[in-house]
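193 is the number that full-length UniProt numbering gives to position 193 of the sequence shown; each next residue is one higher, with no gaps.
Report on one structure; see the data block that follows.
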Amino acid sequence: MVVGTGRTAEAGRAFAPPSCGPDVPDALDDLENLGIAPDDLPDGLVVADEDGRVICFNRAASRITAVRRADAIGRPLERVLPLEDLEGRRWWGLTDPYGGLATRVGQPERNLLLPGGREVLVCARYVRTAPTGPVRRVVVSLRDTEARRRTERSHAELIATVAHELRSPLTSVKGFTATLLAKWERFTDDQKRLMLETVDADANRVTRLIAELLDISRIDSGRMELRRQPVDIGAAVARHIQAHVAAGQSADRFLVRIEHPLPDLWADPDKIDQVLSNLLENAVRHGEGTVTIEVASAPLKNQSAGTAVTVSDEGPGIPEESMGRVFTRFWRGSKRGGTGLGLYIVKGIVEVHGGTITVGRAAGGGAQFRFTLPVGAPAYLL
1 MVVGTGRTAE
11 AGRAFAPPSC
21 GPDVPDALDD
31 LENLGIAPDD
41 LPDGLVVADE
51 DGRVICFNRA
61 ASRITAVRRA
71 DAIGRPLERV
81 LPLEDLEGRR
91 WWGLTDPYGG
101 LATRVGQPER
111 NLLLPGGREV
121 LVCARYVRTA
131 PTGPVRRVVV
141 SLRDTEARRR
151 TERSHAELIA
161 TVAHELRSPL
171 TSVKGFTATL
181 LAKWERFTDD
191 QKRLMLETVD
201 ADANRVTRLI
211 AELLDISRID
221 SGRMELRRQP
231 VDIGAAVARH
241 IQAHVAAGQS
251 ADRFLVRIEH
261 PLPDLWADPD
271 KIDQVLSNLL
281 ENAVRHGEGT
291 VTIEVASAPL
301 KNQSAGTAVT
311 VSDEGPGIPE
321 ESMGRVFTRF
331 WRGSKRGGTG
341 LGLYIVKGIV
351 EVHGGTITVG
361 RAAGGGAQFR
371 FTLPVGAPAY
381 LL
């Protein structure tokens with residue numbers, strides 16, 4: 001909070017935001033100069049005067065603390081905000097803003113508890129008449145911790161999932177390599193080949209998981225980079241189907257419908273391959289019957305031109321109550337393996353391209369995923 005110093009007392013009294021008492025502190029002058037009232041701030045703002053009584057209590061502070069503004073104005077700060085640290089000690093008694101060291105300028109942000117055990121993030125600024133003079137104002141900022149706690153829980157779940165997924169292949173790799181090193185001469189060539197193929201497959205699994213983690217990190221931080229090139233989406237679909245056929249799937253299981261001509265699509269070919277691979281693998285593994293892939297031109301929500309790809313199957317589909325969670329982390333449609341991160345990454349890739357993706361029920365009753373990407377050359381090529 002920046003302290004204004006160039007206003008008269010009369011001018012200070014003329015500015016009376018609804019969240020403050022009749023004597024508004026000079027510490028709010030700069031807010032007025034910017035045309036901002038305390039109630040416009042996203043965080044809770046509480047200001048106490050030189051006597052420790054609350055003279056400003058904005059709407060966000062009232063929401064966070066569940067204390068009415070009328071019940072806060074004019075009361076002692078320590079009663080309006082009876083904060084405790086996580087060990088149950090009274091925070092105002094520990095910090096003593098008015099009687100503590102004269103060189104202190106505030107308190108750094110920390111987690112504290114309100115009555116009832118609700119956790120909030122609190123930081124304070126001490127406004128003094130001189131660098132070591134008495135405290136004239138105590139400005140307290142409050143922030144709800146729920147969003148941060150959700151993020152922390154999500155990170156903890158991600159770590160736990162990754163640890164679980166890594167344990168199995170790494171245990172297998174370690175076990176087979178240790179066995180081969182200790183008893184190499186005792187195994188036949190066929191047994192050695194089988195063990196090494198298992199090690200190779202598990203190493204690939206670890207590599208894929210690490211790649212997923214890197215993708216999630218880039219998506220969450222907004223740092224995913226695209227290398228846009230002309231993409232033949234029809235040829236890309238054909239390549240993925242051929243890979244499934246080579247892996248043992250019947251060619252009759254796939255039905256492809258491609259509209260011609262399609263508008264030029266500029267996208268990152270590796271990322272589009274990742275999206276197609278995930279959606280087709282989900283349809284093959286979790287769905288049943290024919291897997292249908294349709295490619296056609298379709299406008300985006302903003303009416304700009306786009307290319308839509310629809311992948312559907314004839315399996316049991318996704319329950320209606322689960323459709324809102326399909327693109328969240330760790331969602332699994334069945335117990336047939338997987339980390340539950342693939343569709344979260346797919347959504348992130350599509351949105352980074354400026355497209356959209358939806359999930360619904362196919363005509364045959366199975367799951368239907370449809371993503372639409374904007375078409376046309378990038379602006380820097382025009």
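Note that the Cβ used here is the ideal one computed from N, Cα and C, for glycine as well.
In this text, all values refer to a predicted model and were calculated from it rather than measured experimentally.
For Tyr126, the enclosing beta strand (DSSP E) stretches over residues 119-128. Nearest in C-alpha terms to Gly248, of all of Leu262, Val231, Met224, Arg285, is Arg285. The residue from Pro97, Arg90, Asp39 with its alpha-carbon nearest to that of Gly52 is Pro97.
Between the beta-carbon of Gly44 and that of Ser172 there is about 52 Å, and that puts the pair past the 8 Å contact cut. Look at Asp144 here: in three-state DSSP terms it is strand. If you compare the alpha carbons of Ala156, Gly99, Ala363 with that of Val135, the shortest gap goes to Gly99. At the C-beta level, Val359 and Val295 stay beyond 8 Å of one another. Counting the other Cβ atoms within 10 Å of the Cβ of Asp264 gives fewer than 16, which makes it exposed.
Apart from the 5 residues on each side of it in sequence, Thr129 sits with its Cβ closer than 6 Å to the Cβ of Arg136 in its chain, given in chain order. In the three-state reduction of the DSSP assignment, Ile258 falls in the strand class.
Taking C-beta separations shorter than 7 Å and ignoring five residues to either side along the sequence, the partners of Pro76 in its chain run Gly52, Arg53, following chain order. DSSP, read as helix, strand or coil, puts Arg104 in coil. In the structure shown, the three-state DSSP call for Trp92 is helix. Comparing alpha carbon positions, the residue from Leu226, Leu276, Asp273, Ala235 closest to Gly354 is Leu226. The count of Cβ pairs closer than 8 Å, one atom from the region 193-206 and one from the region 158-178, reaches three, so the stretches are in contact. Collapsing the DSSP output to three states places Pro169 in a helix. In this structure, Ile318 keeps its C-beta atom at 8 Å or more from the C-beta atom of Val311. Separation of Lys301 and Ile219 (C-alpha to C-alpha, rounded to the nearest whole angstrom) is 22 Å.
Sequence-distant Cβ neighbours of Glu259 in its own chain, meaning closer than 7 Å and more than five residues away, are Val295, Ala296, Ser297. Contact annotation: Thr292 and Leu255 have beta-carbon atoms nearer than 8 Å.
Trp184 carries a helical assignment under DSSP once its states are collapsed to helix, strand and coil. If you ignore the 5 residues before and after Pro115, its C-beta comes within less than 7 Å of the C-beta of Pro82, all in its own chain and listed in chain order. If only complete runs of 4 or more residues are kept, the region 213-297 shows the alpha helix (DSSP H) at 233-246, 269-286, in order along the chain. Per DSSP, Arg59 is not a residue of any beta strand (DSSP E); the alpha helix (DSSP H) it occupies stretches across 59-65. Beta-bridge partners of Phe369 (DSSP): Val311, Val359. Annotation: the continuous beta strand (DSSP E) that includes Gly44 extends over 44-48.
Secondary structure at Pro38: helix, using DSSP grouped into helix, strand and coil. Spatial neighbours of Arg257 in its own chain (CB-CB distance under 6 Å, excluding positions within 5 residues in sequence) are listed in chain order as Glu294.
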